[in-house]
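Residues 9 to 241, numbered by our numbering, are exactly what the sequence shown covers, in order.
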Amino acid sequence: MASSRGPSPTMKSWDELRKQARTLENELDVKLVAFSKMGFGNSMESTPLLSDDSFNSAVSEIEQLLSKLGAVNDEMAEVSLMENPQDSARQHTIQRHRDIQQDFSKEFQRTRSNMQARREREDLLRVYSRSNYKQTSGLNRRMDLYLKESEHIRSSERMIDEQINIAMETRDHLHGQRAAFKMIQTKMNDLTNRFPMINSLVQRTTLRKRRDSIILGSVIGICTVLLLLYAFG
């Protein structure tokens, strides 16, 4: 007497397990899409929305769904083995569900690794930003001092340049005065050198005038005497 094997009363049927597997796959797909978008916010926000609680909660939910999907796939394989182990269509369906589970698991691991790396990078950037802010504040104070000192040096250089220009103008003015004094001195020397010649010429002219006067007086006197002698003679 042959006995037929069938699923135990507590084991679900093949159709129920397939329906449950598809439901878990759809839920996993939605969860993975939402998980990949966590922490980025919208285009108007500059800071991420990801927190430790939301990240850990999403990871836990996805891990539970993957675990449930794996359990359902195992039950499907057990039911198929008990009911009809030679059914190739069922074996193909089971393999397809296992491939989907494996793809979801790989996508989850990759997304989680990227999210963790991004969170660690943001933590480092926040630490660096705080330390860099302190360093920048100190650097800004030093730069302000350097700029003030540089401006003071430039002001001193401008004052020195002005003093040098004044000194050069004074030197040029003194050179001009010295040249003018030299010209005056030269003219004075020329006049001094010419005065003896003028005096000598004046003296000679005066002597000539005296001589002419004496000669003229003598001629006039002789003529007068002769006229008198002629008038009374």
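Each residue gets a CB set at the ideal place from its N, CA and C atoms; glycine is no exception.
Query                                                                                                                                                                 : Result
Using C-beta distances below 8 Å, list every residue in its chain close to ASP220, excluding the 5 sequence neighbours before and after it, in chain order.           : none
List the endpoints of the continuous alpha helix (DSSP H) containing MET84.                                                                                           : 60-91
What do you reckon, are the CB atoms on MET84 and LEU133 nearer than 8 Å?                                                                                             : no
Are the CB atoms of VAL67 and TRP22 within a distance shorter than 8 Å?                                                                                               : no
Cα-Cα, which of ASP111, SER96 and ASN92 is closest to GLY78?                                                                                                          : ASP111
Which residues in the same chain as THR101 place their Cβ atom closer than 8 Å to its Cβ, once the five residues preceding and following it in sequence are excluded? : ARG26 and MET84
Does LYS20 come out as helix, strand or coil in the three-state DSSP assignment?                                                                                      : coil
To the nearest angstrom, report how far apart MET167 and MET176 are at their CA atoms.                                                                                : 14 Å
For LYS217 and GLY229, I'd like the C-alpha separation in whole angstroms.                                                                                            : 18 Å
Mapping DSSP to helix, strand and coil, what is GLN94?                                                                                                                : coil
Is it buried or exposed for MET191, if we count other Cβ within 10 angstroms and need 16 for buried?                                                                  : exposed
What three-state label does DSSP hand MET176 in the structure shown?                                                                                                  : helix
From this set, THR232, ILE222, ARG98 and VAL41, which residue's C-alpha is nearest PHE116's C-alpha?                                                                  : VAL41
What is the DSSP secondary structure of MET167, reduced to helix, strand or coil?                                                                                     : helix
If we ignore side chains and look at the alpha-carbon of each, how far apart do THR214 and CYS231 end up?                                                             : 25 Å
Rounded to whole angstroms, how far is the Cβ of VAL80 from the Cβ of GLN124, which I believe are closer than 8 Å?                                                    : VAL80 to GLN124, Cβ: 28 Å. No contact.
Would LEU73 and LEU32 be called neighbours here (beta carbons separated by less than 8 Å)?                                                                            : yes
What's the gap between the Cα of LYS39 and the Cα of ARG120?                                                                                                          : 12 Å
As a quick exercise: from LEU235, SER44, LEU234 and GLN211, pick the residue whose alpha carbon is nearest that of ARG118.                                            : SER44
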